[in-house]
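The structure appears right after this line, and notes come after that.
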Amino acid sequence: MRQAVVDGLLGENRPVAGFVDVRGVRDSAAALHAAFAHVPDVLHTFAAKACALVPVLRLLADAGMGCEVASPGELRLALDAGFAPARIVLDSPAKTRGEIREALELGVALNADNLDELERIDALRPADCASVLGLRVNPQVGAGAIGAMSTASATSKFGVALRDPGGRARVVEAFARRPWLTRLHAHVGSQGCPLPLIAEGLAQTHRLAEEIDAHVGRRQVTSLDLGGGLPVNFADDTVTPTYAQYAAALTAAEPALLDGRYRLVTEFGRSLIAKNGFTAALVEYVKDAGGRRIALTHAGGQVATRTVFMPRDWPLRLSAYGPDGSPKRTPVMRQDVAGPLCFAGDVVAHDRPLPELAEGDVVVLHDTGGYYFSSHWSYNSLPRTAVYGFLVDAGRVAFATVRPAQTLREISEESGLAQADALLTGFPAPSGP
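When the letters of the sequence shown are read in order and numbered with this note's numbering, they come out as residues 337 to 769.
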């Protein structure tokens, strides 16, 4: 923080910024690879949605990761970041024919979300298609603590529901009709989902693969996409659960899952990046209201949308620093830390004990490397924040720009500046009497 202030990355004209720990990202990727080192064939992909920034994606590619994408935009970012098409997996519940066609032409792996999508692939798949093609199923093992983050509930919008009447039989028949369909995909959820729940959903997917192969009388399913990631501990700096614990939970649920019979794909996102990033924002004003101290900062719902709207499910740790970037040593008092948006709920921490904050101080939001940098909310037309990567070597800190702060001109341009007169002069003149 001290070096960021000295280098001018935080200040009056730069009141909020995100920071990525480059060595931390590499260490997280290495821990993931180490946890699966005993598995003969596994492709670890990074869920692009968790940090859709090209330099971060390129760093992960350099660390040996593939990339999971869920939209045309994410696919473009993955390609631009340097991921080979064969190391990209496309997942989405609403792929257009154009998206499917592009993936098949590129050789990107694709998981169909439903049986109707398989019909589209039937019509679009070229004879020389290099894509690995799979089908997403919903094992319906239940929801975790956060419903919105649980993707294996009885009524989840994702995949083919296996426990619905006839669902399992329809999946088996879909594979029997399509020899080119060789992958099963499932995703139970991450944040709020305990390891046993995640493991049971994936174990059921393994059992389904065995059933399909037995039904068709040959080895057809050759890979399993273990979609989803791990919950992140936002309470302190401890990394828990670990990738090693995840691998152990999979083995406990189904001993054959990691034995090498099937090639595996993982899709970790938040767990790889969350603790390797933080957000820093200046305190602009401090006030009292109703007996409560309120610090007004430049980090609110535009950078911490989930925390603002679901504070119990997405709490963040905060730290206080002085104007020079040194840790704040003032007496601790309970304070609200609010953001700059014009609605009352724009608060990132309620009644939080922190050193007493003052104008010019810096508040740090920890564990924001995942989703917080690239899921900007454009309420009040606030600019997307700058993001910097940093390396610490022998006590010296060096920064590299990942994304510059959005300019006010760029906000206007993406808000229709070039068509400013469209509603005044952009319509065709009336024709005829």
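For every residue, glycine included, the Cβ atom is placed at its ideal position computed from N, Cα and C.
Using a C-beta cut-off of 8 Å, the stretch 685-696 makes contact with the stretch 647-664, since at least three inter-stretch Cβ pairs fall below that distance. Non-local C-beta neighbours of residue 668 in its own chain, meaning closer than 7 Å and more than five positions away in sequence, comprise 689, 690 and 691, ordered along the chain. DSSP assignment within the stretch 711-757 yields the following whole beta strand (DSSP E) runs of 3 residues or more, N-terminal first: 722-729 and 732-739.
Using a Cβ-Cβ distance cut-off of 8 Å, the stretch 491-508 and the stretch 457-475 are in contact, since at least three pairs of beta carbons, one from each stretch, lie closer than that value. Note that the C-beta distance between residue 426 and residue 411 is below 8 Å. Taking 8 Å as the upper bound for CB-CB distance, residue 721 and residue 352 are in contact here, some 5 Å apart. Judged by DSSP secondary structure, residue 599 falls within the beta strand (DSSP E) whose first and last residues are 599-604.
In the DSSP assignment, residue 518 falls within the beta strand (DSSP E) that extends over 517-523.
In the three-state scheme derived from DSSP, where H, G and I count as helix and E and B as strand, residue 534 is classed as helix. Comparing C-alpha distances from residue 750 to each of 714, 401, 726 and 428 shows the shortest one belongs to 714. Residue pairing by DSSP places residue 447 opposite 427 and 470 in a beta bridge.
With 16 or more other CB atoms across the displayed protein chains lying within 10 angstroms of its CB, residue 387 is buried. Only buried fits residue 709, as 16 or more other CB atoms lie within 10 angstroms of its CB.
With a cutoff of 8 Å on beta-carbon distance, residue 605 and residue 391 are scored as not near each other.
Counting along the chain, residue 671 sits inside the beta strand (DSSP E) bounded by residues 668-674.
Taking 8 Å as the upper bound for CB-CB distance, residue 531 and residue 582 are in contact here, some 6 Å apart. Per DSSP, residue 686 has no beta-bridge partner at all.
The beta strand (DSSP E) runs lying completely inside the stretch 590-640 and spanning 3 residues or more are 599-604, 613-625 and 628-633, given in chain order. Residue state for residue 762 is assigned as coil, using DSSP reduced to three classes. Under the three-state reduction of DSSP, residue 421 is assigned to helix. Three or more Cβ pairs drawn from the stretch 520-527 and the stretch 479-490 lie within less than 8 Å of each other, which places the two stretches in contact. With a beta-carbon spacing of about 6 Å, residue 695 and residue 622 fall inside the 8 Å limit used to define contacts. Per DSSP, the continuous beta strand (DSSP E) segment holding residue 354 begins and ends at 352-357.
Under DSSP, residue 657 forms a beta bridge with 663 and 698.
Residue 563 is bridged by DSSP to 523.
Contact annotation: residue 676 and residue 712 have beta-carbon atoms that are not nearer than 8 Å.
Per DSSP, the unbroken alpha helix (DSSP H) holding residue 510 starts and ends at 503-513. Assignment of residue 379 by DSSP, reduced to helix, strand and coil, places it in the strand class. Counting only residues of its own chain and dropping the five nearest sequence neighbours on each side, residue 672 has a CB closer than 8 Å to the CB of 628, 629, 630, 631, 683, 685, 686, 687 and 688. In this structure, the beta-carbon distance from residue 470 to residue 519 falls below 8 Å.
Contact between residue 361 and residue 612 is confirmed by a C-beta separation of about 5 Å, below the 8 Å threshold. Listed as beta-bridge partners of residue 691 by DSSP are 668. Under DSSP, residue 390 takes part in no beta bridge, so it has no partner. In the three-state DSSP reduction, residue 405 falls in the strand class (E or B).
Check the Cα spacing between residue 681 and each of 645, 701, 727 and 660: the tightest is with 645. When only Cα atoms are considered, residue 593 and residue 542 end up about 7 Å apart.
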